[in-house]
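>
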DNA sequence: TTAATTGTTGATCATAATAGTCAACAATTA
DNA sequence: TAATTGTTGACTATTATGATCAACAATTAA
């Protein structure tokens, strides 16, 4: 039950983009260097973020990546599932038909609750929050 | 970020033991049959539960397994980490020294919060709760 | 229009974690 | 003492993850 490096790398990449919000596109190479992410790996894991409309990509010379929306509008609840596939601890959480026992299963309810409590926490954090904290600006 | 089958099997085995609380020992073979768990696998995953004093084992003829404590005193918060190794989504949660970045890391705080919210949910569920639900006795 | 640049995609490989099995062993009871 | 039952460690198979590489598409600037 460990988080994959995709989620770790991905959130770091997004933080990097959030730190440079409003400054135009960042090269994937620079993101990779700054955040210590293998470049060819970054290219793959950023793809779902682009397709989901969280990251904007521009090809060709002078291209790169930038956030498609303001950092305060992007929560981890939106981001982590894209990177991780889903935050369901078991497939039955979102797909009860897949398990022959789901009707009578006593445990499924627990896994659903668990997912909901995680999601609630993730919803409470925006990229802007991360930027604030990174800058030490956070009053908290 | 999926739960391992150890946790699924393990909780089912515990549920089975809880259902028979007060009736003496259950054979591992019977637990395995009833809950559809490969017997040799069950033997391995039950071991940490025995060592942690949650399950009591008796060897030899007429031996078997039973809960070492009343079902209402055993929470999932105690059980799942034993089966799963830990519920930390990342090692840095419980072992900051392992990561060179943990000081300045913006993300670690999130992973810690996530773990705490999961643990809170798991703490709220005892084996007795599961039994009640399995019996349809739950008033809720 | 061409060359350089940069993201996109798919194939592929390596490694590690998980799931599962088997056999020798220790303890207990009848 | 023989039958029973849990304990442990070694081992195998399968899958998921992490990572790389190469061909390709789009864009810009000379």
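Chains as they are written, first to last, in my numbering: chain A, 1 to 140; chain B, 1 to 140.
We put the beta carbon where it would ideally sit given N, CA and C, even for glycine.
From a predicted model like this one, the values you see are computed outputs, not experimental measurements.
1. Give me, in chain order, the residues of the same chain whose beta-carbon lies closer than 8 Å to that of residue 105 (chain A); leave out the 5 immediate sequence neighbours on both sides.
2. DSSP on residue 28 (chain B), reduced to helix/strand/coil?
3. State buried or exposed for residue 9 (chain A), treating a residue as buried only when at least 16 other CB atoms are found within 10 Å of its CB.
4. From which residue to which residue does the alpha helix (DSSP H) around residue 56 (chain B) run?
5. What are the boundary residues of the beta strand (DSSP E) that includes residue 66 (chain A)?
6. For the alpha helix (DSSP H) that residue 17 (chain B) lies in, which residues bound it at each end?
7. In angstroms with no decimal places, state the Cα-to-Cα distance between residue 38 (chain A) and residue 77 (chain A).
8. Taking the straight line between their C-alpha atoms, what separation do you get for residue 110 (chain B) and residue 122 (chain A)?
9. Does any residue of chain A have a CB that is nearer than 8 Å to the CB of residue 128 (chain B)?
10. Would the segment 57–65 of chain A count as touching the segment 22–33 of chain A if we require 3 or more Cβ pairs under 8 Å?
11. For residue 46 (chain A) and residue 43 (chain B), what's the separation of their Cα atoms in angstroms?
12. Would residue 121 (chain B) count as contacting chain A if we go by Cβ distances under 8 Å?
13. What residue from B:3, B:113 and B:127 has the CA that sits closest to residue 13 (chain B)'s CA?
14. Cβ of residue 130 (chain B) within 8 Å of Cβ of residue 7 (chain B)?
15. Alpha carbon to alpha carbon, how far is residue 34 (chain B) from residue 69 (chain A)? Give it in angstroms, no decimals.
16. List, in order along the chain, the chain B residues whose C-beta lies closer than 8 Å to that of residue 89 (chain A)?
17. Below 8 Å between beta carbons is the criterion; list the residues of the segment 4–25 of chain B that meet it against any residue of chain A, in chain order.
18. In angstroms, rounded to a whole number, what distance separates the CA positions of residue 56 (chain B) and residue 50 (chain B)?
19. List the whole-angstrom C-beta distance separating residue 75 (chain A) from residue 112 (chain A), where the pair is believed to meet the contact cut-off of C-beta under 8 Å.
20. What separation, rounded to the nearest whole angstrom, lies between the Cα atoms of residue 5 (chain A) and residue 54 (chain B)?
So, to answer that:
1. 92 and 99
2. helix
3. buried
4. It is not in any alpha helix (DSSP H) - residue 56 (chain B) instead sits in the beta strand (DSSP E) that spans 55–58.
5. 64–67
6. 5–19
7. 25 Å
8. 8 Å
9. no
10. yes
11. 42 Å
12. yes
13. B:127
14. no
15. 52 Å
16. 1, 2 and 3
17. 4, 7, 8, 11, 12 and 15
18. 6 Å
19. Going by Cβ atoms, the distance from residue 75 (chain A) to residue 112 (chain A) rounds to 20 Å, so no, they are not a contact pair.
20. 34 Å
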